[in-house]
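Single-structure report; data block below.
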Amino acid sequence: MRNLETLELKAFVPAQDFELSKRFYSDLGFQIPWSSDELAYLHCGNCTFLLQNFYVKALAENFMMHLSVENVDDWRAHVREQQIAEKYGVVVTEPEQRPWRMRDFVLYDPSGVLWRIAENTD
Numbered sequence: 202m203r204n205l206e207t208l209e210l211k212a213f214v215p216a217q218d219f220e221l222s223k224r225f226y227s228d229l230g231f232q233i234p235w236s237s238d239e240l241a242y243l244h245c246g247n248c249t250f251l252l253q254n255f256y257v258k259a260l261a262e263n264f265m266m267h268l269s270v271e272n273v274d275d276w277r278a279h280v281r282e283q284q285i286a287e288k289y290g291v292v293v294t295e296p297e298q299r300p301w302r303m304r305d306f307v308l309y310d311p312s313g314v315l316w317r318i319a320e321n322t323d
């Protein structure tokens, strides 16, 4: 019998300005335990991704990430307290109830990557 057990899935998120993006994600709450000139490993709790020093406008502006959290209001308060929109000139929306039984808000990173930070409402 073959072992098809999975361990982890990581997206490679593009960054137009690699250093700016690392500061953005650090302010957002991600830790960066490892980084090179081309790639950085980021994590927050059990959620991880790789930030890459690579940018294609069409890719970045069509790239989406979905972060499932326990409390979306606490995350939105953290984003507000860190002044993410003001520091980085990005769009941040207010939490809304969605028809797919999640409450989320939208946040864009400095490269145009869209993040949905969401809480299940079942």
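So the number in our numbering is just where the residue sits in the sequence shown, counting from 1, plus 201. For each residue, glycine too, the CB sits at the ideal point set by N, CA and C. All values derive from a computational prediction rather than experimental measurement.
Residue i versus residue j - alpha carbon distance
i: W235; j: A261; result: 22 Å
i: E209; j: S227; result: 21 Å
i: G246; j: N204; result: 26 Å
i: A259; j: D218; result: 15 Å
i: P215; j: V291; result: 16 Å
i: D275; j: A319; result: 11 Å
i: I285; j: Y309; result: 10 Å
i: E206; j: R299; result: 32 Å
i: Y256; j: M202; result: 41 Å
i: I233; j: E287; result: 22 Å
i: Y289; j: N263; result: 19 Å
Beta-carbon spacing of residue i, residue j below 7 Å
i: E239; j: N254; result: yes
i: P296; j: R277; result: yes
i: R302; j: D323; result: yes
i: P311; j: L251; result: no
i: F231; j: L243; result: yes
i: L315; j: M265; result: yes
i: R317; j: H279; result: no
Residue i - DSSP class collapsed to helix/strand/coil
i: V307; result: strand
i: V297; result: Here residue 297 is Glu; the residue named in the question, Val, does not match the sequence. Note: E297 maps to strand in three-state DSSP.
i: R277; result: helix
i: E320; result: strand
i: E262; result: coil
Residues that DSSP places opposite residue i in a beta bridge
i: S269; result: A319
*Please list the segments of the alpha helix (DSSP H) lying wholly inside the segment 203 to 260, counting only runs of 4 or more residues, in order along the chain.*
As far as the segment 203 to 260 is concerned, its whole alpha helix (DSSP H) runs of at least 4 residues are 219 to 229.
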